[in-house]
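Data block below; observations after.
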Amino acid sequence: MGESDSVMEVSLLALPKAVAELRRAVRDRFGDEGGEVQLCVSELMANVIRQVGEGVPVTVRVARAGVRTRVAVSDAGLCVLPGVSAVTAHDESGRGLLLVDAVAVRWGVERGVVGKTVWCEVAGGEGEGGISP
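In numbering that gives the first Met the number 0, the protein residues as written are 0 to 132.
Next comes the structure, spelled out in structure tokens:
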């Protein structure tokens, strides 16, 4: 896989239909072995829709370097910083970052001049979980 094949960057609007389209684009670019990467793209994008709102401009960048793949989702919305929250068995949502934390080697949030970027890194094998400082 060459350098151009190992990076995918897409700018789009945060809409529910975009989640499935992004998953397909990741699978097409990186292959079926990228299931954890597809999960992270889906959950981070869904988090923007839920927390910032539909129609917000978003840039999604997926870059593979060696055995790790980094997913970064940037939005220009108000800087609402996401976090892992406690959920109960009856809650219908709120598990997105818990899933990302479970499959990612590390993840974090970077504030921008406008908006933020939520990123995670997934290893070639199973993720170790945990937030990076």
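Beta carbons are placed, not taken as given, at the ideal position from N, Cα and C, and that holds for glycine.
Thinking C-alpha only, which one of the options is nearest residue i?
{"i": "V6", "options": "D27, L14, A13, E20", "result": "D27"}
{"i": "L38", "options": "V99, T68, V104", "result": "V99"}
{"i": "A101", "options": "G65, E53, T116, E42", "result": "E42"}
{"i": "S10", "options": "W106, V104, A71, R49", "result": "A71"}
In this structure, does DSSP put residue i in helix, strand or coil?
{"i": "E53", "result": "coil"}
{"i": "L14", "result": "coil"}
{"i": "G135", "result": "Coverage of the chain is limited to positions 0 through 132, which leaves residue 135 absent and any answer about it impossible."}
{"i": "S5", "result": "helix"}
{"i": "A103", "result": "coil"}
{"i": "V75", "result": "The displayed chain sequence assigns Ala, not Val, to residue 75. Coil, per DSSP."}
State the beta-bridge partners of residue i as determined by DSSP.
{"i": "M44", "result": "The partner list for M44 (beta bridge, DSSP) is empty, contrary to what the question assumes."}
{"i": "D120", "result": "Reading off the sequence, residue 120 comes out as Glu, not Asp. Bridge partners of E120: R69, R105."}
{"i": "V112", "result": "For V112, which the question treats as bridged, DSSP gives no partner whatsoever."}
{"i": "V61", "result": "M7, V70"}
Can you tell me the Cβ-Cβ gap for residue i and residue j, rounded? I've got them flagged as a contact below 8 Å.
{"i": "V47", "j": "V55", "result": "6 Å"}
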